[in-house]
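*Asks:* Residue numbers (this note's numbering), protein chains in the order written: chain A, 1 to 238; chain B, 1 to 238.
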DNA sequence: CCAGTTCGCAAACATCGTTCGCGAACATCG
DNA sequence: CGATGTTCGCGAACGATGTTTGCGAACTGG
């Protein structure tokens with residue numbers, strides 16, 4: 001049988017292995033137990049992709065460029081990853097290793113804020129992360145560790161499982177939203193401002209006109225992150 | 001001068017026009033005042049793109065496919081739009097016409113909830129919208145109308161302009177997050193569940209194991225949208 | 001040593017966004 | 001009415017993308 005695509009996985013070395021869904025990369029063994037050994041690893045490829053994304057953005061992460069960084073051919077990457085989206089999932093989950101997860105203190109609200117603040121820092125380090133957290137939530141080994149920790153923090157909380165999962169999703173999503181907004185402040189805001197000035201000059205939309213007139217002398221609103229997130233969490237939890 | 005790209009715009013018919021930023025599509029006149037008349041309009045192209053996205057998703061919206069729907073060549077679209085992202089901006093803003101904006105009632109919290117609920121419905125109608133609202137917030141003519149209305153609702157509110165703008169961004173973003181989550185419930189959740197079952201079976205992560213065991217008999221948490229959004233808005237505003 | 005299997009990867013395919021160049025179409029003006 | 005100036009429509013091409021195919025090379029268990 002020529003190649004044929006991972007036939008060894010079906011040979012029943014472990015019964016549980018045969019039952020696995022192949023649609024999720026975390027359940028696919030990284031290396032085959034027989035045959036020519038691989039020269040690289042998922043971690044190595046992921047690290048290269050993350051570094052490239054940090055430097056030039058997500059859209060610069062093409063199979064060819066990642067392969068070039070590693071000094072291989074583009075097609076070789078498909079021995080480690082079924083598709084580009086798999087690589088993106090690996091990238092997103094790998095950032096989960098940057099969390100420091102201290103033991104729960106008893107104050108779940110404070111503990112969740114600690115996590116959220118770390119998430120914010122991590123997303124600032126990897127400016128492509130917010131878009132992935134929002135648009136393609138991946139739950140790999142590291143993400144599972146974070147989820148376990150959140151559930152540990154909420155262990156004594158009376159809310160049901162579904163609500164706790166929702167709280168986790170909102171914590172991640174809202175943090176990503178915040179970071180995305182503060183990143184777009186320098187870029188998108190300028191483009192919007194040009195059009196908003198035009199709208200203000202046109203005469204309709206008096207509220208926008210007034211807002212733009214009073215905008216410069218307005219003190220900056222400070223960092224609303226903690227306050228908004230705390231309120232939102234008490235909204236979904238008790 | 002052969003074509004050369006919209007030279008008439010520089011001829012100073014209107015002084016204000018010459019000052020315009022060309023980087024924003026809303027400030028670029030749709031049709032040239034001289035020369036051969038265009039056979040189509042931005043609105044027509046936008047409508048075709050929206051219909052295609054509603055049917056087959058955002059990634060199906062390619063210049064070639066949109067052009068094919070209209071019975072033209074792909075290159076022709078660039079007479080109406082400078083880039084594909086411009087077309088996406090047009091699509092996003094066009095959904096702003098689906099709002100019904102009643103006069104402010106005096107209760108700003110209730111009025112904002114009315115807007116948010118409409119946003120939710122609109123995003124459910126156009127399943128590609130949440131990703132755009134979050135990743136590429138476009139503020140066109142219709143978006144400006146909605147913003148004007150929100151500012152009108154908040155006219156008597158003591159918060160500063162920056163905070164009101166932040167409230168608007170959070171209102172849109174959080175709504176998009178919610179819709180994205182409820183859409184992913186059927187798709188992503190299934191993929192996650194397979195891996196989560198594996199994690200639970202592995203033995204570590206006892207909280208996740210317990211959560212999965214108690215998951216089926218747990219009553220669904222009802223619709224948290226109104227509650228979470230209200231709490232968050234009072235978090236950023238007074 | 002050989003049979004079995006996987007690995008690395010050049011080449012090819014389909015598709016994408018975008019640009020170029022030019023004939024055709026239209027409004028204006030002489 | 002015809003010439004002129006300008007834009008429009010668009011076939012063809014360019015470069016880049018994700019992915020597949022096919023095969024020689026590399027390794028291992030028997």
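By construction, the Cβ of each residue, glycine as well, lies at the ideal position given by its N, Cα and C atoms.
Closer than 7 Å by C-beta to residue 21 of chain B: which residues in its own chain qualify, once you throw out the five before and the five after it? Chain order, please.
*Replies:* Unreliable placement is indicated for residue 21 of chain B, whose pLDDT of 48 sits below 50; the coordinate value is still reported in the next sentence. Cβ neighbours of residue 21 of chain B beyond the five flanking positions: 27.
*Asks:* Can a CB atom of chain B be found closer than 7 Å to the CB of residue 109 of chain A?
*Replies:* Chain B contact via Cβ: absent.
*Asks:* If the cut-off is 7 Å on Cβ atoms, which residues from the segment 136-157 of chain A count as contacting chain B, listed in chain order?
*Replies:* The residues in question are 137, 139, 144, 147, 148, 151, 152 and 155.
*Asks:* Classify residue 5 of chain A: buried if its beta carbon has 16 or more other beta carbons within 10 angstroms, exposed otherwise.
*Replies:* Here residue 5 of chain A scores only 42 on pLDDT, less than 50, and its place in the model should not be relied on; the value that follows carries that caveat. Answer is exposed; the Cβ neighbour count stays below 16.
*Asks:* Any idea what DSSP makes of residue 37 of chain B, helix, strand or coil?
*Replies:* Of the three classes helix, strand and coil, the one that applies to residue 37 of chain B here is coil, per DSSP.
*Asks:* Output, in sequence order along the chain, the residues in the segment 21-45 of chain B whose CB is closer than 8 Å to any CB in chain A.
*Replies:* The segment 21-45 of chain B vs chain A, Cβ under 8 Å: 21, 23, 24, 26 and 27.
*Asks:* Would you report the Cα separation of residue 79 of chain A and residue 71 of chain A, rounded to the nearest angstrom?
*Replies:* Distance between the alpha carbons of residue 79 of chain A and residue 71 of chain A is about 15 Å.
*Asks:* May I ask you to verify whether the segment 107-126 of chain A touches the segment 155-175 of chain A, counting CB pairs closer than 8 Å and requiring at least 3?
*Replies:* Enough Cβ pairs lie closer than 8 Å, so yes.
*Asks:* Determine the extent of the alpha helix (DSSP H) in which residue 108 of chain B is found, giving its start and end residues.
*Replies:* Note, residue 108 of chain B: alpha helix (DSSP H), 108-125.
*Asks:* Would you call residue 86 of chain B buried or exposed, if buried means 16 or more other Cβ atoms sit within 10 Å of its Cβ?
*Replies:* It counts as buried.
*Asks:* Between the segment 87-100 of chain B and the segment 43-52 of chain B, do three or more beta carbon pairs fall short of 8 Å?
*Replies:* Yes: the two stretches touch, three or more of their Cβ pairs being nearer than 8 Å.
*Asks:* Below 8 Å between beta carbons is the criterion; list the residues of the segment 49-67 of chain A that meet it against any residue of chain B, in chain order.
*Replies:* Here the close residues number zero.
*Asks:* Closer than 8 Å is the cut-off here; do at least three beta carbon pairs connect the segment 34-42 of chain B with the segment 194-211 of chain A?
*Replies:* Segments in contact, no.
*Asks:* Is the Cβ-Cβ distance between residue 233 of chain B and residue 112 of chain B less than 7 Å?
*Replies:* Contact: yes.
*Asks:* Tell me whether residue 131 of chain A is buried or exposed, calling it buried when 16 or more other Cβ atoms sit within 10 Å of its Cβ.
*Replies:* The residue in question, residue 131 of chain A, is buried, as its Cβ has 16 or more Cβ neighbours within 10 Å.
*Asks:* Distance check for residue 62 of chain B and residue 40 of chain B, CA to CA, integer angstroms please.
*Replies:* C-alpha separation (whole angstroms): 18 Å.
*Asks:* Among B:118, B:187, B:65 and B:99, which one has its Cα closest to the Cα of residue 84 of chain B?
*Replies:* The option with the nearest alpha carbon to residue 84 of chain B is B:65.
*Asks:* So which residues on chain B does residue 126 of chain A lean against when the C-beta distance must stay under 9 Å?
*Replies:* Result: empty, since nearest Cβ-Cβ is about 16 Å, beyond 9 Å.
*Asks:* Tell me which residues of the segment 88-114 of chain B have at least one Cβ-Cβ distance to chain A shorter than 7 Å, keeping chain order.
*Replies:* Taking 7 Å as the Cβ-Cβ cut-off against chain A, none of the residues of the segment 88-114 of chain B qualify.
*Asks:* Return no unless some Cβ of chain A is closer than 7 Å to the Cβ of residue 208 of chain B.
*Replies:* Chain A, which has a Cβ nearer than 7 Å to the Cβ of residue 208 of chain B, makes this yes.
*Asks:* My understanding is that residue 88 of chain B touches residue 42 of chain B, with C-beta atoms under 8 Å, so please give their C-beta distance in whole angstroms.
*Replies:* 13 Å between Cβ atoms; not a contact.
*Asks:* Just tell me which of B:231, B:227, B:229 and B:235 has its CA closest to the CA of residue 225 of chain A.
*Replies:* Checking every option, the nearest Cα to that of residue 225 of chain A belongs to B:235.
*Asks:* Note down, one range per segment and in chain order, each alpha helix (DSSP H) of at least 4 residues found wholly within the segment 171-222 of chain A.
*Replies:* Within the segment 171-222 of chain A, the complete alpha helix (DSSP H) runs of at least 4 residues are 206-213.
*Asks:* Is there a Cβ from chain B that is less than 7 Å from the Cβ of residue 131 of chain A?
*Replies:* Yes, contact with chain B.
*Asks:* Give a yes or no on whether 7 Å exceeds the smallest Cβ distance from residue 235 of chain B to chain A.
*Replies:* Chain A, which has a Cβ nearer than 7 Å to the Cβ of residue 235 of chain B, makes this yes.
*Asks:* Report the rounded CA-to-CA distance for residue 163 of chain B versus residue 237 of chain B, giving the unit in angstroms.
*Replies:* Approximately 7 Å between the Cα atoms of the pair.
*Asks:* For residue 128 of chain B versus residue 53 of chain B, is the C-beta distance shorter than 7 Å?
*Replies:* Contact flag set, yes.
*Asks:* I need the straight-line Cα distance from residue 187 of chain A to residue 227 of chain B, nearest angstrom please.
*Replies:* Roughly 32 Å between the two C-alpha positions.
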